[in-house]
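K.L.:
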Amino acid sequence: GVHVAEKEAKRDYQEVYNAIATKIRDEDEYDNYIGYGPVLVRLAWHSSGTFDRNDNSGGSFGGTYRFKKEMNDPSNKGLQNAFDFLRPIHEQFPWISSGDLYTLGGVTAVQEMMGPKIPWRSGRVDQPENTVPDNGRLPDASQGASYVRNLFDRLGFGDRETVALIGAHALGKTHYENSGYEGPWGPSPNVFTNDFFVNLLNAHWTLNTNKKGVKQWDNDQGHMMLPTDMALVKDPKYRKLVEEYAKDQDVFFRDFSKAFAKLLENNIKFPDQNKPHYFKTLDEQDL
Ligand code: CCH
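Each residue of the sequence shown is one higher than the last, beginning at 740 in my numbering.
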C-alpha cells in the first residue's frame, strides 16, 4: 500500500468543506435543478473505484483522474462537470491534493444532501501520469449479479457493502449523452434516502430498449433502473440486503457511511495520528 505524508501542516478541511457546500447551494440550477451533489458523489466514487486489490493499483490516493487518460475513460463521461465545479475550489485552496479534493467533494455532497456523516481522512498525495490505471475498471451497467460481485470483490467489498454503496443511486440521474441510459432512479434525486431500495422492490418495472438502443428498466413514474441495479433483486443474497435497507433507513445510513469511507481510503495506509475528520454541515453551523 501507499503511505500518506507523515507531516501535514495544520490545515482547515472544514473550510474547504464549507466552500464546496456553499457552491453546491449557490449553483442549484445545474442539471435541471438537481444541483452538483450527485455528480460530485460520482466523481468521488469513480476516482476511487479504479482500485485493484490484486496489485494495489488505482484508487483515490494519486488523484489521477486529473490526467486525460483517466478523464477520457468512456465510463467517466459527465464527470468533467464535477471537475470544473471543483477547479475554483482548488484555486482557493491550492494546498489540498487532488485525491483529497475529489473524495472530500463526495463526502460534502452526501452530507449536504442530508445523508449520513462520512468519516474522512486527509493526506493523499498527487502521483504522476505513469500511475494512471488503465481504462475499463469501472462497472459496466449492462451486466448481472455475478459480474457485480466480481467487480466489487476486486475493490475488497462483500455483498453487504456492495448493496449499500449502490444505494447511492437514489441520487442524480442517468444521461443519454454520458452513458446511453436516461432518467432518475427516484423522486428526490438530490436528497440522500433509502428510496433506491424501496423503489426497486415496490415499483412495477418493465424492460425497454431506449432511444439510444440501450436496455433499461422503467416504471410508469418516469424512474429507471440499470440492469446491474435490477440484479440486486434477482440475486437472492443481494435481495435480502435490499429488503433490509428498504425497511430500515438507519441501518442503510450506517452501512453506507462505513462502506463509502472505506471506498475512499482503499489501498491507503494512514498513520495512527491521522484521525478522521467529521465535518459539520452548513446547517449545523447556521451558515
Ligand atoms: Fe453509479 N452510475 N454505478 N454508482 N452513480 C451512474 C450514475 C451515478 C453504475 C452505473 C452508473 C455506484 C455504482 C454503480 C452514482 C453513484 C454510484 C450512471 C449514469 C451509470 C451508468 C451516468 C450518466 O449517464 O450520467 C454501476 C454499473 C454501478 C455498480 O454496479 C456507486 C457504488 C456509487 C456511489 C457510491 C451517482 C451519484 C450517479 C448520478 C450522477 C449524476 O450525474 O446524476
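The C-beta atom is built at its ideal place from N, Cα and C for all residues, glycine as well.
With DSSP run on the structure shown, which of helix, strand or coil describes T789?
P.N.:
DSSP places T789 in coil when its eight states are reduced to three.
K.L.:
Within 8 Å: the Cβ of H1027 and any heavy atom of the ligand CCH?
P.N.:
The question about residue 1027 has no answer, for the chain in this structure spans 740 to 1026.
K.L.:
How many Å lie between T913 and Y920 at the Cα?
P.N.:
Approximately 6 Å between the Cα atoms of the pair.
K.L.:
Is G801 helix, strand or coil when you go by DSSP?
P.N.:
Residue state, collapsed to three classes: coil.
K.L.:
With hydrogens ignored, establish whether the beta-carbon of D791 is closer than 8 Å to any heavy atom of the ligand CCH.
P.N.:
No - the ligand CCH has no heavy atom lying nearer than 8 Å to the Cβ of D791.
K.L.:
Tell me the DSSP secondary structure of Q955 in three-state form.
P.N.:
Three-state DSSP puts Q955 in a strand.
K.L.:
The ligand CCH heavy atoms versus the CB of G844: any closer than 8 Å?
P.N.:
Because no heavy atom of the ligand CCH lies under 8 Å away, the Cβ of G844 does not count as near it: no.
K.L.:
By the DSSP assignment, the alpha helix (DSSP H) with D904 in it spans what residues?
P.N.:
Sequence inspection shows Leu at residue 904; the Asp mentioned does not correspond to that position. Unbroken alpha helix (DSSP H) run through L904: D898 to I905.
K.L.:
From the DSSP output, read off the bridge partner residues of I1007.
P.N.:
Answer is V741.
K.L.:
Closest to L1002 by C-alpha separation, out of P813, R826 and T901, would be which residue?
P.N.:
Minimum Cα distance to L1002 is reached at T901.
K.L.:
From the DSSP secondary-structure annotation, give me the bridge partner or partners of G922.
P.N.:
G922 pairs with T913.
K.L.:
Keeping to the same chain, check which residues put their C-beta closer than 6 Å to that of V778; ignore five residues upstream and five downstream.
P.N.:
Counting only Cβ-Cβ distances below 6 Å, and skipping sequence neighbours, we find N820 and A821.
K.L.:
Helix, strand or coil for H943? Go by DSSP, reduced to three states.
P.N.:
Residue state, collapsed to three classes: coil.
K.L.:
Can you give me the start and stop residues for the alpha helix (DSSP H) that S885 sits inside?
P.N.:
That run of the alpha helix (DSSP H) goes A884 to R893.
K.L.:
Give the DSSP bridge partners of W859, in chain order.
P.N.:
Beta-bridge pairing links W859 to H1016.
K.L.:
Is any heavy atom in the ligand CCH found nearer than 8 Å to the beta carbon of F824?
P.N.:
Checking the Cβ of F824 against the ligand CCH gives no.
K.L.:
For T870, does the three-state DSSP call read helix, strand or coil?
P.N.:
The answer is helix: DSSP assigns T870 an H, G or I state.
K.L.:
Do F891 and G897 have their C-beta atoms closer together than 9 Å?
P.N.:
In contact: F891 and G897 (Cβ atoms closer than 9 Å).
K.L.:
Measuring only from the beta carbon, is W834 closer than 8 Å to any heavy atom that is part of the ligand CCH?
P.N.:
Incorrect: W834 has no Cβ contact closer than 8 Å to the ligand CCH.
K.L.:
Under 8 Å: does the beta carbon of I773 sit that close to some heavy atom of the ligand CCH?
P.N.:
The answer is yes for I773.
K.L.:
For Y915, count the other beta carbons within 10 Å of its own beta carbon; 16 or more makes it buried, fewer makes it exposed. Which is it?
P.N.:
Under this definition Y915 is an exposed residue.
K.L.:
Apply the 10 Å Cβ neighbour rule to T803 and answer buried if 16 or more other Cβ atoms are within range, or exposed otherwise.
P.N.:
Per the 10 Å Cβ criterion, buried.
K.L.:
Tell me which residue opens and which closes the alpha helix (DSSP H) that D839 is part of.
P.N.:
Here the alpha helix (DSSP H) through D839 covers S837 to E851.
K.L.:
Buried or exposed for N929, going by 16 or more other Cβ atoms inside 10 Å?
P.N.:
With 16 or more Cβ atoms within 10 Å of its Cβ, N929 is classed as buried.
K.L.:
Do H962 and the ligand CCH come close, with the Cβ less than 8 Å from some heavy atom?
P.N.:
No, the Cβ of H962 stays beyond 8 Å of every heavy atom of the ligand CCH.
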